[in-house]
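*Asks:* Residue numbers 205 to 608, in our numbering, belong to the letters of the sequence shown in order.
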Amino acid sequence: MTQYCDSLWVGADIVTMRDGRYNTIEDGAIAVTEGRIIWCGPRSESTAFQAQQTTDFGGGIITPGLVDCHTHLVFGGDRSDEFEQRLNGVSYAEIAANGGGIRATVRATREASQPLLEQKARERIQCLLAEGVTLLEIKSGYGLDEASELRMLRAIRALGDSLPVTIKATCLAAHAVPPEFTDNPDGWIEIITDRLLPIVASEKLADAVDAFCEHLAFTPQQVARVFERARELGLPVKLHAEQLSALGGSALAARYQALSADHLEYATEADVQAMAASGTVAVLLPGAFYLLRETQLPPLALFRQYGVPIALASDANPGTSPVLSLRLMLNMACTLFRMTPEEALAGITLYGARALGEEQQRGSLETGKIADFVHWPLARPAELTYWLGGQLPCQTIVKGERRS
Ligand code: DI6
Ligand code: FE
Numbered sequence: 205m206t207q208y209c210d211s212l213w214v215g216a217d218i219v220t221m222r223d224g225r226y227n228t229i230e231d232g233a234i235a236v237t238e239g240r241i242i243w244c245g246p247r248s249e250s251t252a253f254q255a256q257q258t259t260d261f262g263g264g265i266i267t268p269g270l271v272d273c274h275t276h277l278v279f280g281g282d283r284s285d286e287f288e289q290r291l292n293g294v295s296y297a298e299i300a301a302n303g304g305g306i307r308a309t310v311r312a313t314r315e316a317s318q319p320l321l322e323q324k325a326r327e328r329i330q331c332l333l334a335e336g337v338t339l340l341e342i343k344s345g346y347g348l349d350e351a352s353e354l355r356m357l358r359a360i361r362a363l364g365d366s367l368p369v370t371i372k373a374t375c376l377a378a379h380a381v382p383p384e385f386t387d388n389p390d391g392w393i394e395i396i397t398d399r400l401l402p403i404v405a406s407e408k409l410a411d412a413v414d415a416f417c418e419h420l421a422f423t424p425q426q427v428a429r430v431f432e433r434a435r436e437l438g439l440p441v442k443l444h445a446e447q448l449s450a451l452g453g454s455a456l457a458a459r460y461q462a463l464s465a466d467h468l469e470y471a472t473e474a475d476v477q478a479m480a481a482s483g484t485v486a487v488l489l490p491g492a493f494y495l496l497r498e499t500q501l502p503p504l505a506l507f508r509q510y511g512v513p514i515a516l517a518s519d520a521n522p523g524t525s526p527v528l529s530l531r532l533m534l535n536m537a538c539t540l541f542r543m544t545p546e547e548a549l550a551g552i553t554l555y556g557a558r559a560l561g562e563e564q565q566r567g568s569l570e571t572g573k574i575a576d577f578v579h580w581p582l583a584r585p586a587e588l589t590y591w592l593g594g595q596l597p598c599q600t601i602v603k604g605e606r607r608s
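1. Measuring alpha carbon to alpha carbon, tell me which of Leu401, Asp365, Pro502 and Glu341 ends up nearest Lys372.
2. Any heavy atom of ligand 2 inside 7 Å of the beta-carbon of Asp272?
3. Would you kindly report the start and end of the unbroken beta strand (DSSP E) that includes Ser211?
4. So Pro616 is in the beta strand (DSSP E); what residue range does that whole segment cover?
5. Ile403: beta carbon under 7 Å from a heavy atom of ligand 1?
6. Please indicate yes or no: does the CB of His276 lie closer than 7 Å to some heavy atom of ligand 2?
7. Among residues of its own chain, excluding the 5 on either side of Thr524, which ones have a beta-carbon nearer than 7 Å to its beta-carbon?
8. Please state whether DSSP places Leu504 in a helix, a strand or coil.
9. Can you tell which of Leu530, Val430, Glu432 and Leu451 has its C-alpha closest to the C-alpha of Arg328?
10. Quick check on this structure: which residue in Ile360, Ala450 and Ser454 has the alpha carbon closest to the alpha carbon of Phe431?
11. Answer yes or no: the CB of Asn292 versus the heavy atoms of ligand 2, is any distance below 7 Å?
12. Return the Cβ separation of Cys417 and Leu451 in integer angstroms, given the expectation that the two are a contact with Cβ distance under 8 Å.
13. Please state whether the Cβ-Cβ distance between Gly269 and Asp576 is less than 8 Å.
14. Span of the alpha helix (DSSP H) holding Ser464?
15. For Gln564, which three-state DSSP category applies?
16. Among Asp390, Val337, Cys209 and Gly281, which one has its Cα closest to the Cα of Gly347?
17. Is the beta carbon of Leu516 sitting closer than 8 Å to the one on Ile552?
18. Inspect the beta-carbon positions of His276 and Asn521 and report whether they are closer than 8 Å.
19. With distances taken Cα to Cα, identify the nearest neighbour of His274 among Leu376, Ala351 and Ala428.
20. Is there contact here, the region 601-608 with the region 223-242, by at least three beta-carbon pairs under 8 Å?
21. Note the first and the last residue of the continuous alpha helix (DSSP H) segment covering Lys573.
22. Going along the chain, which residues of its own chain have a beta-carbon closer than 7 Å to the beta-carbon of Phe541, five neighbours each way excluded?
23. Does the region 541-550 come close enough to the region 298-312 to have 3 or more Cβ pairs within less than 8 Å?
24. Which whole-angstrom value describes the C-beta separation of Ile266 and Val578, a residue pair presumed to lie in contact below a C-beta threshold of 8 Å?
25. For Gly345, tell me which candidate among Ala297, Leu400, Leu592 and Leu463 has the shortest Cα-Cα distance.
26. Any idea which residues DSSP pairs Arg606 with across the strands?
27. Would DSSP call Ser525 helix, strand or coil?
28. So which of Lys324, Gln207 and Trp243 has the shortest CA-CA distance to Gly568?
29. So the candidates are Trp580, Arg326 and Arg435; which of them puts its Cα closest to the Cα of Ala405?
30. Indicate the three-state DSSP secondary structure (helix, strand or coil) for Cys273 in the structure shown.
31. Check whether the Cβ atoms of Leu409 and Leu354 sit closer than 8 Å, and answer yes or no.
32. Comparing alpha-carbon positions, which option in Glu469, Tyr470, Thr499 and Tyr460 lies nearest Ala481?
33. Whose C-beta lies closer than 8 Å to the C-beta of Leu358 among residues of the same chain, with five residues either side of it excluded?
34. Return yes when the Cβ of Ala325 is within less than 8 Å of the Cβ of Val278, no when it is not.
35. According to DSSP, is Phe431 part of a helix, a strand, or is it coil?
36. Ordered along the chain, which non-local residues of its own chain (more than five positions away) have a Cβ less than 6 Å from that of Gly215?
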């Protein structure tokens, strides 16, 4: 019996990423109607479909649209000057003592208008779109006062409304202690819980709430206050945890059924067991590991042993990860963390989508999911990880339509 569809896409091997494995359909076909995959299988069986439009790629591979599940892409200024200072022997401590570090970006962000924040972020996002990113997360966290955090979140929403990519917004007001609260960090936590998050929830300005649990940021107790409020407001949580030390942040995140715990270089076996039990995704951020010249590797063997899904992301931010290539993260994850290319690709497709609560909609090429996918003129998916730098040409399809 003939089935009708809007479009049929053939002539490539389909790397479905179903269940986090390649699960490639050689010489496959994808049938799309109203922006969703209605069938995905061998081209030989696609004759049952009558499409309004058929595209034959004539070879290559198709992957799910790429997912960058952890970025700080909206910010003012940049910190290239500090990068150079450090390489000329100026320490982090001296830079921070002179008002540098996150606080330099906070000043530049507070001074920037919403249109300027959007314009600079748009330029950076275009680099990710050129690599086939179709789902992106962007955090606040450089405003660090109520008005500036809200301006950041409104800029993120405006970017999602104006670009051909799905953007999830995360409120990271608990990113650093604002200069005005140096002696009273709890005062800032109170503003987050009592003033900011209720506005964020009522105006739907964020899809999740994040915090930085670290000696130089917030304690597990302060993070728990933010998470309690997020839970009351119905907002999912995620956490920057165990980046520089083991504070039990990832286990705390697991206790709140966090979508993800991120960084995790210092995660312990107890943290990993807690994450496995709660279904919390481990988001590894090789860009920050590399830029900080960190030596403590995230416990990959424990994630594998306990079955914790591993996502990867750029952590694009002006201080510790000025990264504008998600594909480079694939190579770093394999070269630095010893992930396999298949694990790494799952980290920027299915498990990246899971870290954003989007796994039911995206992240793999399966019936019922949104038709976000990328065609690459490549022989095998490992080439996405293998080549360092350069522009791998690709054609991105968003909700069943070619993205120009
Ligand atoms: N971890 C990091 O590495 C960044 N934020 C965080 O929570 C640092 C952000 C910056 O230095 O601007
Ligand atoms: Fe981050």
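Even glycine gets a Cβ: it sits at the ideal position worked out from N, Cα and C.
*Replies:* Reading from the atomic positions:
1. The count along the sequence shown starts at 1 and reaches residue 372 at position 168. Per the Cα distances, Glu341.
2. Taking the first residue of the sequence shown as 1, we reach residue 272 at position 68. Checking every heavy atom of ligand 2 against the Cβ of Asp272, none is found closer than 7 Å.
3. By 1-based counting over the sequence shown, the position of residue 211 is 7. It spans Gln207 to Val219 - the beta strand (DSSP E) in which Ser211 sits, taken as one unbroken run.
4. Shown here, the chain extends from 205 to 608; a query on residue 616 therefore has no answer.
5. Working through the sequence shown from its first residue, we reach residue 403 at position 199. No.
6. Translated into positions along the sequence shown, residue 276 becomes position 72. Yes; taking the cut-off as 7 Å, the Cβ of His276 has a heavy atom of ligand 2 nearer than that.
7. By one-based count along the sequence shown, residue 524 stands at place 320. Same-chain partners within the cutoff: Ala492, Leu495 and Leu496.
8. What you label residue 504 is simply residue 300 of the sequence shown in a count that begins at 1. Leu504: helix per DSSP, three-state reduction.
9. One-based indexing of the sequence shown puts residue 328 at position 124. Of the listed residues, the one whose Cα sits closest to Arg328 is Leu530.
10. On the sequence shown, residue 431 is found 227 positions in, with the first residue counted as 1. Of the candidates Ile360, Ala450 and Ser454, the one whose C-alpha sits nearest the C-alpha of Phe431 is Ser454.
11. By one-based count along the sequence shown, residue 292 stands at place 88. No - ligand 2 has no heavy atom lying nearer than 7 Å to the Cβ of Asn292.
12. Taking the sequence shown and counting its residues from 1, the one referred to as residue 417 is at position 213. Taking the sequence shown and counting its residues from 1, the one referred to as residue 451 is at position 247. Indeed they touch by this definition, with Cβ atoms about 6 Å apart.
13. Counting from one through the sequence shown, the residue named residue 269 turns up at place 65. Counting from one through the sequence shown, the residue named residue 576 turns up at place 372. Yes.
14. Translated into the one-based positions of the sequence shown, residue 464 becomes position 260. From DSSP, Ser464 is part of no alpha helix (DSSP H) but of the beta strand (DSSP E) over Ser464 to His467.
15. For the purposes of this step, residue 564 is taken as residue 360 along the sequence shown, with counting starting at 1. Coil.
16. Numbered from its first residue, the sequence shown carries residue 347 at position 143. Nearest option by C-alpha distance: Gly281.
17. Taking the first residue of the sequence shown as position 1, residue 516 is located at position 312. Taking the first residue of the sequence shown as position 1, residue 552 is located at position 348. A contact, by the Cβ cut-off of 8 Å.
18. Residue 276 sits at position 72 when you count from the first residue of the sequence shown. Residue 521 sits at position 317 when you count from the first residue of the sequence shown. Yes, the pair counts as a contact, with Cβ atoms nearer than the cut-off.
19. Working through the sequence shown from its first residue, we reach residue 274 at position 70. Measuring C-alpha to C-alpha distances from His274 to each of Leu376, Ala351 and Ala428 identifies Leu376 as the nearest.
20. yes
21. Position 369 of the sequence shown, counted from the first residue, corresponds to residue 573. From DSSP, Lys573 is part of no alpha helix (DSSP H); its letter is neither H nor E.
22. The residue labelled residue 541 in the question sits at position 337 within the sequence shown. If we look at Phe541 and ignore the five residues flanking it on each side, its Cβ neighbours are Leu488, Pro490, Leu501, Pro502 and Leu504.
23. Contact between the region 541-550 and the region 298-312 is absent, with fewer than three C-beta pairs closer than 8 Å.
24. Locating residue 266 in the sequence shown gives position 62, counting from the first residue. Locating residue 578 in the sequence shown gives position 374, counting from the first residue. Between Ile266 and Val578 the beta-carbon gap is near 7 Å, inside 8 Å, which marks them as a contact.
25. Position 141 of the sequence shown, counting from 1, holds the residue named residue 345. Ranking the options by Cα distance to Gly345, first place goes to Leu400.
26. Position 402 of the sequence shown, counted from the start, is the residue given in the question as residue 606. Bridge partners of Arg606: Ile601.
27. If you number the sequence shown from 1, residue 525 lands on position 321. Annotated three-state conformation of Ser525 is strand, per DSSP.
28. By 1-based counting over the sequence shown, the position of residue 568 is 364. Residue 568 is actually Ser in this sequence, not Gly. Taking the Cα of Ser568 as reference, the smallest distance to any Cα among Lys324, Gln207 and Trp243 is reached at Trp243.
29. The sequence position of residue 405 within the sequence shown is 201, counting from 1. The shortest Cα separation from Ala405 among Trp580, Arg326 and Arg435 belongs to Arg435.
30. Here residue 273 refers to the residue found at position 69 when the sequence shown is read from its first residue. Reduced to three states, the DSSP call for Cys273 is coil.
31. For this step, residue 409 is matched to residue 205 along the sequence shown. For this step, residue 354 is matched to residue 150 along the sequence shown. For Leu409 and Leu354, yes; Cβs fall inside 8 Å.
32. Within the sequence shown, numbered from 1, the residue matching residue 481 stands at position 277. The candidate whose alpha carbon is nearest that of Ala481 is Tyr460.
33. Here residue 358 corresponds to residue number 154 of the sequence shown, with the count starting at 1. The residue asked about is misnamed: residue 358 is Arg in this sequence, not Leu. Excluding residues within five positions, the ones whose Cβ falls inside 8 Å are Gln318 and Leu409.
34. Here residue 278 is taken as the residue at index 74 of the sequence shown, counted from 1. Here residue 325 is taken as the residue at index 121 of the sequence shown, counted from 1. Closer than 8 Å, so yes.
35. Indexing the sequence shown from 1 puts residue 431 at position 227. Correct three-state label for Phe431: helix.
36. By one-based count along the sequence shown, residue 215 stands at place 11. These residues qualify, in order along the chain: Asp260, Phe261 and Gly262.
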